[in-house]
Amino acid sequence: MAAITIDSLRKEYGDTVAVDGLSLSVDAGEVFGFLGPNGAGKSTTIDALLGHVRPTAGSVTVLGRDATTESRAVRESVGVLPDGYALYDRLTAREHVAMARSFRDADDDPDAVLARVGLADAADRRAGGFSTGMAQRLALGMALVDDPDVLVFDEPSAGLDPTGIADLRRIVAAAAERGATVFFSSHDLAQVEAVCDRVAIVDDGRLVAVDSVAGLRERAGALATLSVAADPLPDPASFLGIDGVRDAAVDGDRLLCRCVNAEAKVRALRAVFDSGVRVTDVDTDDASLEDLFAAALGDDDGDAVEAVPRGGSVATDGREPASPTAPEGVR
1 MAAITIDSLR KEYGDTVAVD GLSLSVDAGE VFGFLGPNGA GKSTTIDALL GHVRPTAGSV
61 TVLGRDATTE SRAVRESVGV LPDGYALYDR LTAREHVAMA RSFRDADDDP DAVLARVGLA
121 DAADRRAGGF STGMAQRLAL GMALVDDPDV LVFDEPSAGL DPTGIADLRR IVAAAAERGA
181 TVFFSSHDLA QVEAVCDRVA IVDDGRLVAV DSVAGLRERA GALATLSVAA DPLPDPASFL
241 GIDGVRDAAV DGDRLLCRCV NAEAKVRALR AVFDSGVRVT DVDTDDASLE DLFAAALGDD
301 DGDAVEAVPR GGSVATDGRE PASPTAPEGV R
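Dropping the structure here:
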């Protein structure tokens, strides 16, 4: 079942088209990455999803509710960590969570919420003295109040240290395990790759690609390299008949096999061990999401990479202006 459905969404600001015909479907329980350069249409799409802007055409539904005509109900069912939120300097962390609890008519224990995001020891501190990372943790905790079925995270790792990022990953995984949907927009592509089931890449208001990271890698023809140090080195020619191995060669004291996917790497490595040589080191090098992102945006013909059946593709000109209804505060 789809938790979020975006159908032919179009948004115009005067003569500028920010989003034109965007179609996406995000399953319940899915962690979905939403990526694109600045001005690609991401913020406008998220604003439409939350009912903050009215589409020029098309529709957005969240948990079966129309985000335009039932915007209040949508916002009450969605936990949001916005980019560029503001906290109240004079309120303590506990008071912020209590405020979020009152908005949702929830009965969460504020101290338990703060413990989830690593702020148990700062419950009585005023937010005006928080570091950027602490403020981000507090905003995350407010989004988690009442365990909403849909979470929208916009740049959630901003300001977080490595411990905070690890906590964020744990929180996202726990949300998905209980069946919640996470819509995850970020420029930190390493974090997106670590947590997302699928990703969509948008540019100039259009969908460029949507698939799993592995699917994007395969569609782009981005080969993975298996590097093996062994004594003696096996004959590279013996690996050319292995399904999924594109080529093999010796480079110094290592055998290098370029493979189309992870399964081909496993087959090649198994062949190395079966040859009876003594393996001293194994390494792999896959195309990262950063590489795939750059490749998708560098598509000279402008055609969208074919989407998996749950998504869609659009084409448009024009860039997204600053949203006139950008969210203020934590909602």
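Letter by letter, the sequence shown follows residues 1 to 331 of the UniProt record's numbering. Think of the CB as a built atom: it goes at the ideal place given N, C-alpha and C, for glycine as much as any other residue. Note that the structure is predicted; figures quoted are calculated from it, not measured.
| Item | Value |
| --- | --- |
| Whole-Å CB distance - Phe153 paired with Leu81, under 8 Å assumed | 5 Å |
| Residues sharing a beta bridge with Arg249, DSSP | According to the sequence provided, residue 249 is Ala. The question's Arg does not apply to it. Answer is Leu256. |
| Sub-7 Å separation of Ser185 and Arg198 beta-carbons | no |
| Three-way DSSP call (helix, strand, coil) for Ser43 in this model | helix |
| Assigned exposure category for Met142 - 16 Cβ within 10 Å defines buried | buried |
| Spatial neighbours of Ala249 in its chain, beta-carbon cut-off 7 Å, leaving aside the 5 residues before and after | Pro236 and Leu256 |
| Residue interval of the alpha helix (DSSP H) (run including Thr163) | Pro162 to Glu177 |
| Pairwise C-alpha distance: Met134 and Ala120 | 11 Å |
| Sequence-distant residues of its chain with Cβ nearer than 7 Å to Arg125 (five each side left out) | Thr92 and Ala93 |
| Residue from Asp83, Gly79, Glu95 and Val53 whose Cα sits closest to the Cα of Thr69 | Val53 |
| Whole-Å CB distance - Val113 paired with Val97, under 8 Å assumed | 5 Å |
| Pair within 7 Å by beta-carbon distance, Ala106 and Val145 | yes |
| Nearest-angstrom Cβ-Cβ length linking Asp231 and Arg267, presumed shorter than 8 Å | So it is not a contact: roughly 22 Å between Cβ atoms. |
| Cβ contact check for the stretch 219-229 and the stretch 46-63: 3 or more pairs under 8 Å | no |
| Spatial neighbours of Val330 in its chain, beta-carbon cut-off 6 Å, leaving aside the 5 residues before and after | Confidence in Val330 is poor, its pLDDT being 36 and thus under 50, which makes the residue's placement unreliable; the coordinate value appears in the next sentence. Tyr85, Ala139 and Met142. |
| Cα-Cα separation, Pro37 to Phe293 | 10 Å |
| The beta strand (DSSP E) enclosing Thr61, as first and last residue numbers | Ala57 to Val62 |
| For Val53, three-class secondary structure by DSSP | coil |
| Nearest neighbour of Glu30, chosen from Asp111, Ala73, Lys42 and Val172 [CA to CA] | Val172 |
| Closest by C-alpha distance to Ala296, when choosing among Ala100, Gly276 and Leu207 | Leu207 |
| CB contact flag (Val210, Ala194, <7 Å) | no |
| Beta-carbon separation (whole angstroms), Glu177 vs Asp83, contact threshold 8 Å | Actually they do not touch by this definition, with Cβ atoms about 26 Å apart. |
| Residue interval of the alpha helix (DSSP H) (run including Leu269) | Ala262 to Asp274 |
| Same chain, Cβ closer than 8 Å to Asp300, neighbours up to 5 away in sequence not counted | At Asp300, the pLDDT of 39 sits below 50, so the modelled position is not reliable; the number obtained from the coordinates is stated separately. Excluding residues within five positions, none has a Cβ falling inside 8 Å. |
| CA nearest to the CA of Asn261, picked from Asp285, Lys11, Ser23 and Asp161 | Asp285 |
| Endpoints, the beta strand (DSSP E) within which Val152 is located | Val150 to Asp154 |
| Paired residues, beta bridge with Ser102 - DSSP | BP columns for Ser102 are empty, so no partner. |
| Classification of Asp204 by the beta-carbon crowding that lies within 10 angstroms, buried from 16 upward | buried |
| Host beta strand (DSSP E) of Ala229 (start-end) | Ala224 to Asp231 |
| Inter-residue Cα distance where the pair is Asp66 and Ser23 | 15 Å |
| Residue closest to Phe190, alpha-carbon to alpha-carbon, out of Ala166, Arg246 and Arg116 | The sequence given here places Ala at residue 190; Phe does not occur at that position. Measuring from the Cα of Ala190, the nearest candidate turns out to be Ala166. |
| Exposure label - Ala57; buried when at least 16 CB within 10 Å | exposed |
| N-terminal and C-terminal residue of the alpha helix (DSSP H) that Phe293 is part of | Leu289 to Leu297 |
| Close-in-space but distant-in-sequence residues of the same chain around Glu12 (CB under 8 Å, 5 per side omitted) | Ala18 and Thr56 |
| Whole-angstrom distance between Asp274 and Ala229, CA atom to CA atom | 15 Å |
| Rounded separation between Phe183 and Gly164 - CA only | 19 Å |
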